[in-house]
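The next block holds one structure in the form of structure tokens; read it before the comments.
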Amino acid sequence: GQNIDQPTEMTATEGAIVQINCTYQTSGFNGLFWYQQHAGEAPTFLSYNVLDGLEEKGRFSSFLSRSKGYSYLLLKELQMKDSASYLCAVRDQGGANNLFFGTGTRLTVIP
Amino acid sequence: GAVVSQHPSRVICKSGTSVKIECRSLDFQATTMFWYRQFPKKSLMLMATSNEGSKATYEQGVEKDKFLINHASLTLSTLTVTSAHPEDSSFYICSARFGPGWGGANVLTFGAGSRLTVL
Numbered sequence: 034g035q036n037i038d039q040p041t042e043m044t045a046t047e048g049a050i051v052q053i054n055c056t057y058q059t060s061g062f063n064g065l066f067w068y069q070q071h072a073g074e075a076p077t078f079l080s081y082n083v084l085d086g087l088e089e090k091g092r093f094s095s096f097l098s099r100s101k102g103y104s105y106l107l108l109k110e111l112q113m114k115d116s117a118s119y120l121c122a123v124r125d126q127g128g129a130n131n132l133f134f135g136t137g138t139r140l141t142v143i144p
Numbered sequence: 014g015a016v017v018s019q020h021p022s023r024v025i026c027k028s029g030t031s032v033k034i035e036c037r038s039l040d041f042q043a044t045t046m047f048w049y050r051q052f053p054k055k056s057l058m059l060m061a062t063s064n065e066g067s068k069a070t071y072e073q074g075v076e077k078d079k080f081l082i083n084h085a086s087l088t089l090s091t092l093t094v095t096s097a098h099p100e101d102s103s104f105y106i107c108s109a110r111f112g113p114g115w116g117g118a119n120v121l122t123f124g125a126g127s128r129l130t131v132l
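Chain order of the listed sequences is V and X.
Sequential numbering of the first sequence, starting at 34, is according to our numbering.
Sequential numbering of the second sequence, starting at 14, is according to our numbering.
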């Protein structure tokens, strides 16, 4: 089976840095994705990691450790519009390379 | 960039009726589309993988006779919730992979979702 864990909720201050953790235990692994989802909207792609290390993309960075089954999403210089749910998803090694999602972390950015 | 259009965005129906949700890939062909279901404050749950020109592959526990999937063309997949009941009320989201092959950073592009409410 697939087990992907994230904190349910987090709160951070505008301008600050926040780290959202994700741990996973899956039967296969072929990459880890982070998506952002605003309420009632489609998830949008943020980042992708398949090798260990840090991937940086503007204010957002994502880290992966395959041996530990661990990833984090780092958001810098937080803005109010960053308030959203952040979904960690693992792609398995099945034929269709399905994505399995964690429950998502609801981030609230406060002034 | 790749866009997936999903329609309708909201639908309210009576118990016992059927509802069809469309998912279209705009400006790209999608041989495979995925249908997810999301309960409030819960994760996206993969329901089925829709394959163009062949039968859909359903995840364990998803009733294929209840959730009919048709992928008749390279740009359109439909999900029909048959004989809907209140417990089928949920947020349904489709997605398609944009990019060649299965691996790499070929990401899923999601539709905006369809909120179904069954009275």
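Cβ coordinates follow ideal geometry from the N, Cα and C atoms, glycine included.
Host beta strand (DSSP E) of residue i (start-end)
i      : result
V:D38  : N36 to D38
X:H20  : V16 to H20
X:N83  : F80 to S86
V:A45  : E42 to T46
V:N82  : T77 to N82
V:I50  : Taken as a continuous stretch (DSSP letters only), V:I50 belongs to no beta strand (DSSP E), as it is neither H nor E.
X:F123 : L121 to F123
V:E89  : G86 to K90
X:V75  : Taken as a continuous stretch (DSSP letters only), X:V75 belongs to no beta strand (DSSP E), as it is neither H nor E.
X:Q51  : T45 to Q51
V:F134 : L132 to F134
V:F66  : L65 to Q70
V:S116 : Note, V:S116: premise wrong, no beta strand (DSSP E); not H, not E.
X:H90  : A quick correction: the sequence has Ser, not His, at residue 90 of chain X. Counting along the chain, the beta strand (DSSP E) containing X:S90 begins and ends at L89 to V94.
X:L129 : S127 to V131
V:T141 : T138 to I143
Beta carbon proximity, residue i to chain X, threshold 8 angstroms
i      : result
V:N36  : no
V:F66  : yes
V:E74  : yes
V:G102 : no
V:G61  : no
V:F134 : yes
V:G86  : no
V:G91  : no
V:L111 : no
V:N54  : no
V:F96  : no
V:Y119 : no
V:Y81  : yes
Chain V within 8 angstroms of residue i, Cβ atoms only
i      : result
X:I25  : no
X:A61  : no
X:I106 : yes
X:V16  : no
X:G66  : no
X:F123 : yes
X:L57  : yes
DSSP-derived helix/strand/coil call for residue i
i      : result
X:E35  : strand
X:E65  : coil
V:A101 : Note on residue identity: the sequence assigns Lys, not Ala, to residue 101 of chain V. Coil, per DSSP.
X:G100 : Checking the displayed sequence, the identity of residue 100 of chain X turns out to be Glu instead of Gly. If DSSP states are grouped into helix, strand and coil, X:E100 belongs with the helices.
X:W115 : For X:W115, the predicted structure reports a pLDDT of 48, less than 50, and the residue's modelled location is therefore unreliable. The matter cannot be settled from this model.
V:Q112 : coil
X:Q42  : coil
V:Q126 : coil
C-beta neighbour in chain A for residue i, strict 8 angstroms
i      : result
V:L106 : Note that chain A does not occur in the displayed structure, where the protein chains are V and X.
Assigned exposure category for residue i - 16 Cβ within 10 Å defines buried
i      : result
X:F52  : exposed
X:Q42  : exposed
X:T5   : Because chain X is modelled from 14 through 132, residue 5 of chain X falls outside the range shown and cannot be assessed.
V:Q112 : exposed
V:L87  : exposed
V:S60  : exposed
Self-check item: Interface residues of the segment 70–81 of chain X facing chain V [CB-CB below 9 angstroms]
Solution: Listed by position, the residues of the segment 70–81 of chain X near chain V (Cβ gap below 9 angstroms) are T70 and E72.
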